[in-house]
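Trainee: Residues 1 to 296 (UniProt numbering) make up the sequence shown, in order. Positions of the beta carbon are idealized from the N, C-alpha and C atoms, including for glycine. Take this structure first; my questions come after.
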Amino acid sequence: MRVLLLGADGQLGRELTALAVERGLALAALNRAATDITDPVAVAKALEAHKPDVVVNAAAYTAVDKAESEPDLAAKVNAVAPGLIAERCASAGVPLIHVSTDYVFDGTKTGAYVESDPLAPLGVYGRTKAAGEAAIRAAGEKHLILRTAWVYGIYGNNFLKTMLRLAKDRDRLTIVADQRGCPTATRDIAEGILAAAAPAVAGSARWGTYHLGGTGVTTWHGFAQAIIDRAATYTGRSEVAAITTAEYPTPARRPANSELDSSLFERTFHFRAAPWQQRTVEVVDTLLAKSPVEAS
1 MRVLLLGADG
11 QLGRELTALA
21 VERGLALAAL
31 NRAATDITDP
41 VAVAKALEAH
51 KPDVVVNAAA
61 YTAVDKAESE
71 PDLAAKVNAV
81 APGLIAERCA
91 SAGVPLIHVS
101 TDYVFDGTKT
111 GAYVESDPLA
121 PLGVYGRTKA
131 AGEAAIRAAG
141 EKHLILRTAW
151 VYGIYGNNFL
161 KTMLRLAKDR
171 DRLTIVADQR
181 GCPTATRDIA
191 EGILAAAAPA
201 VAGSARWGTY
211 HLGGTGVTTW
221 HGFAQAIIDR
231 AATYTGRSEV
241 AAITTAEYPT
251 PARRPANSEL
261 DSSLFERTFH
271 FRAAPWQQRT
281 VEVVDTLLAK
291 SPVEAS
């Protein structure tokens, strides 16, 4: 199986690249410098050069707050580019796996979101990601859209690494406790992508949209507490105090409920993400076991 990865420099792209090396998988990892995903000619050339069996688009504009002041750029990367990629994949007869987000929902649902729930994004980031999903669906049938949430891992910038960095300098952290979701490790997303890629290449995949979130639900405060509890083994303990969303205003509104029901993905592709508590321990240990500096 030959995989073409777009967005190789992001935290998920780096995780997927590492997993491919670990498994001896043929993966061509392209970053922004190698291929401009907003340029249809560049995307077509990448497909022609690498002749993949499947394309994975892990590239995205993910600066949620900044997107409110850069809507055109966010739309170009999150809405227009996925459509272009999907069109080129359809022309080449190559299936596309695209990573999307919980931000396509408004967070007002009481229980976990399923794939068929109506979309109602609250801000620019969510709207552009929802538009990207629509563009992919319009381009052709052979696609898998994987929505995930609260992504963290050993690479790039994410909430877990921010908590480790702040805990080194502060005795007290104040974290929002009235937003809930499923923290999802990049390792599990990468594993899930490969689990879905095999039937996609074989032509036996059930095309469409799926949720792929970490197992278990918590709040940002609960997630932060678990991070700090584990980090205390290496760096000492900071207090993690709970606050409300209203006490921590941001340019972009966040969904109060980002819980994703991933049972459809599990039934279809026989993969279930690890419990978020387990992955949190693993990531903190990986970052801090050798030196606390590695969490920077």
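Compare the beta carbon distance of L287 and I189 with 9 Å and say whether it is the shorter of the two.
Mentor: Within the sequence shown, residue 287 is the residue found at index 287, counting from 1. Within the sequence shown, residue 189 is the residue found at index 189, counting from 1. Result no, Cβ atoms of L287 and I189 do not sit closer than 9 Å.
Trainee: Using the Cβ count rule (16 or more neighbours within 10 Å means buried), how would you classify E87?
Mentor: Here residue 87 is taken as the residue at index 87 of the sequence shown, counted from 1. Per the 10 Å Cβ criterion, buried.
Trainee: Considering only residues of the stretch 223-249, which uninterrupted beta strand (DSSP E) runs meet the minimum length of 3 residues and lie entirely inside it, listed in chain order?
Mentor: 239-243
Trainee: Should Y61 and L73 be called a contact, given that it needs their Cβ atoms to be closer than 9 Å?
Mentor: As a first step, residue 61 is located in the sequence shown; it is residue number 61 there, counting from the start. As a first step, residue 73 is located in the sequence shown; it is residue number 73 there, counting from the start. Against a cut-off of 9 Å, the Cβ pair of L73 and Y61 comes out as a contact.
Trainee: In chain order, what are the residue ranges of uninterrupted beta strand (DSSP E) at least 3 long that sit wholly in the stretch 31-103?
Mentor: 54-57, 96-101
Trainee: At the level of alpha carbons, what is the spacing between A198 and H270?
Mentor: For this step, residue 198 is matched to residue 198 along the sequence shown. For this step, residue 270 is matched to residue 270 along the sequence shown. Approximately 12 Å, taken between the alpha carbons.
Trainee: Buried or exposed, going by whether 16 or more other CB atoms sit within 10 Å of the CB of K129?
Mentor: Within the sequence shown, the letter at position 129 stands for residue 129. By the neighbour-count rule (16 or more Cβ atoms within 10 Å), K129 is buried.
Trainee: Have a look at the DSSP bridge pairing and note the partners of I145.
Mentor: Along the sequence shown, one-based indexing puts residue 145 at 145. Its beta-bridge partners are H98, T209.
Trainee: What whole-angstrom Cβ distance do S91 and E133 have, given they're in contact under 8 Å?
Mentor: Along the sequence shown, one-based indexing puts residue 91 at 91. Along the sequence shown, one-based indexing puts residue 133 at 133. For S91 against E133, the beta-carbon gap comes to about 20 Å, at or over 8 Å, which does not count as contact.
Trainee: Tell me which same chain residues have a C-beta within less than 8 Å of the C-beta of T38, skipping the five on either side of it?
Mentor: Residue 38 sits at position 38 when you count from the first residue of the sequence shown. Taken in chain order, the residues that qualify are K76, V77, V80, A81, L84.
Trainee: Should A252 and E68 be called a contact, given that it needs their Cβ atoms to be closer than 9 Å?
Mentor: Position 252 of the sequence shown, counted from the first residue, corresponds to residue 252. Position 68 of the sequence shown, counted from the first residue, corresponds to residue 68. Yes.
Trainee: At the level of alpha carbons, what is the spacing between K142 and T148?
Mentor: Translated into positions along the sequence shown, residue 142 becomes position 142. Translated into positions along the sequence shown, residue 148 becomes position 148. A direct Cα-to-Cα measurement between K142 and T148 gives close to 20 Å.
Trainee: Using the three-state DSSP reduction, which class does V283 fall into: helix, strand or coil?
Mentor: Taking the sequence shown and counting its residues from 1, the one referred to as residue 283 is at position 283. Three-state result, V283: helix.
Trainee: Closest by CA to V3, which one among L194, P118, A231?
Mentor: On the sequence shown, residue 3 is found 3 positions in, with the first residue counted as 1. Of the listed residues, the one whose Cα sits closest to V3 is L194.
Trainee: Can you check which of these residues, W220, S263, D261, is closest to R254 by C-alpha distance?
Mentor: As a working note, residue 254 is residue 254 in the sequence shown. Selected option, being the one with the closest Cα: W220.
Trainee: Please report the straight-line C-alpha distance between T17 and G156, rounded to a whole angstrom.
Mentor: In the sequence shown, the residue the question calls residue 17 occupies position 17. In the sequence shown, the residue the question calls residue 156 occupies position 156. Rounded to whole angstroms, T17 to G156 spans 13 Å at the Cα level.
Trainee: Can you tell which of L166, T218, I136, F105 has its C-alpha closest to the C-alpha of Y125?
Mentor: Taking the sequence shown and counting its residues from 1, the one referred to as residue 125 is at position 125. Among L166, T218, I136, F105, the Cα nearest to that of Y125 is on F105.
Trainee: Take the Cβ of K45 as the centre, count every other Cβ of all protein chains shown within 10 Å, and call the residue buried at 16 or more, exposed below.
Mentor: For the purposes of this step, residue 45 is taken as residue 45 along the sequence shown, with counting starting at 1. The residue in question, K45, is exposed, as its Cβ has fewer than 16 Cβ neighbours within 10 Å.
Trainee: State the Cα-Cα distance for the pair A34 and V64, rounded to the nearest angstrom.
Mentor: Along the sequence shown, read from residue 1 onward, the residue named residue 34 stands at position 34. Along the sequence shown, read from residue 1 onward, the residue named residue 64 stands at position 64. When rounded, the distance between both Cα atoms is 25 Å.
Trainee: My guess is that V94 and V43 are in contact by the Cβ rule of under 8 Å, so how many angstroms apart are they, rounded?
Mentor: In the sequence shown, counting from the first residue as 1, residue 94 sits at position 94. In the sequence shown, counting from the first residue as 1, residue 43 sits at position 43. About 11 Å separates the Cβ atoms of V94 and V43, ruling out a contact at the 8 Å cut-off.
Trainee: Is it right to say E239 is buried, meaning 16 or more other beta carbons lie within 10 angstroms of its own, or is it exposed?
Mentor: As a working note, residue 239 is residue 239 in the sequence shown. Exposed: under 16 other Cβ atoms inside 10 Å.
Trainee: Does V114 come out as helix, strand or coil in the three-state DSSP assignment?
Mentor: Residue numbering aside, residue 114 sits at position 114 when the sequence shown is read from its first letter. Here V114 sits in coil by DSSP.
Trainee: Going by beta carbon distance, what residues of the same chain come within less than 8 Å of Q277, once the five residues before and after it are set aside?
Mentor: Here residue 277 refers to the residue found at position 277 when the sequence shown is read from its first residue. Cβ neighbours of Q277 within its own chain (closer than 8 Å, five residues either side excluded): G216, A226.
Trainee: Considering just the uninterrupted stretch of the beta strand (DSSP E) at I175, what are its terminal residues?
Mentor: Within the sequence shown, residue 175 is the residue found at index 175, counting from 1. Run containing I175: 172-176, per the beta strand (DSSP E) assignment.
Trainee: Grouping DSSP H, G and I as helix and E and B as strand, with all else coil, what is Y152?
Mentor: Taking the first residue of the sequence shown as 1, we reach residue 152 at position 152. Residue state, collapsed to three classes: strand.
Trainee: Exposed or buried, what is E15 when buried is set at 16 or more other beta-carbons lying within 10 Å of its beta-carbon?
Mentor: Residue 15 sits at position 15 when you count from the first residue of the sequence shown. Label assigned to E15: buried.
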